[in-house]
Every structure is written in C-alpha cells, then in structure tokens.
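To start, the structure itself, in structure tokens.
Numbering (mature numbering (1 follows the signal peptide of the UniProt record, and there is no 0)), first residue to last: -25 to -1, 1 to 79.
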C-alpha cells in the first residue's frame, strides 16, 4: 500500500472517529417522559429533576449526560440506566421499568 493510500485511509479513520465523538457531545436537550403512575426523580450526575406521574421534562441545552442516569421512584426503588445518554434519545419511565427511545 502506497504512502498516499495510507494517508487517505488514516484521514478517513480520523474523520469517522471525530464524527462519532461529536455525535454525542453536541448541545441539545435531555428529555424525560414519565409514562408511569408514580412521581420520579431523575439524576444525571449534574442535574436532578422531579417529574410528576404522566408528565415530562427537559434539561435544556444539556447535551449528553456525563455518565449513568438514576431514576428514583416514589416507592424508593432506584433504576440506573447506563450512560451517557445523548439528545437523540429520550428517557422513558414506565411502571416497572425505564427504557431509552430514539427521538424522531
């Protein structure tokens, strides 16, 4: 493989890595939808938000969470969702669990 081919391939790898990293570092809103019958408190490590049963919330301009996200139900049960979670995903709380949903 010639020097130019190696250089071009290296450039493509660097470009792909940069695109992947910036996909989860841009600013955007962290959205939470509480579709459960219980009030919850969501902690991102930097922010804590109370979301009423059947309600929703957003942390505006937060970008990706710095790490895992904890959801504490009124019962005291806590569910941890592996992070980071980026604006392309919405945290959805349901009776009996928590999931991520791609934002359309």
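Beta carbons: idealized from backbone N, C-alpha and C, even for Gly.
Neighbour-count burial assignment, residue 2, 16 or more Cβ in a 10 Å radius: exposed
If we count the other Cβ atoms within 10 Å of its Cβ and call it buried at 16 or more, is residue 68 buried or exposed? buried
Which full runs of the beta strand (DSSP E) of 3+ residues lie inside the region 15 to 48, going along the chain? 15 to 18, 23 to 26, 31 to 34 and 44 to 48
Suppose the cutoff is 6 Å on Cβ atoms and the five residues either side in sequence are ignored; what does the same chain contact list for residue 18 look like? 45
Ends of the beta strand (DSSP E) at residue 55? 53 to 56
Could you compute how far the alpha carbon of residue 75 sits from the alpha carbon of residue 62? 11 Å
DSSP three-state label for residue 73, please. strand
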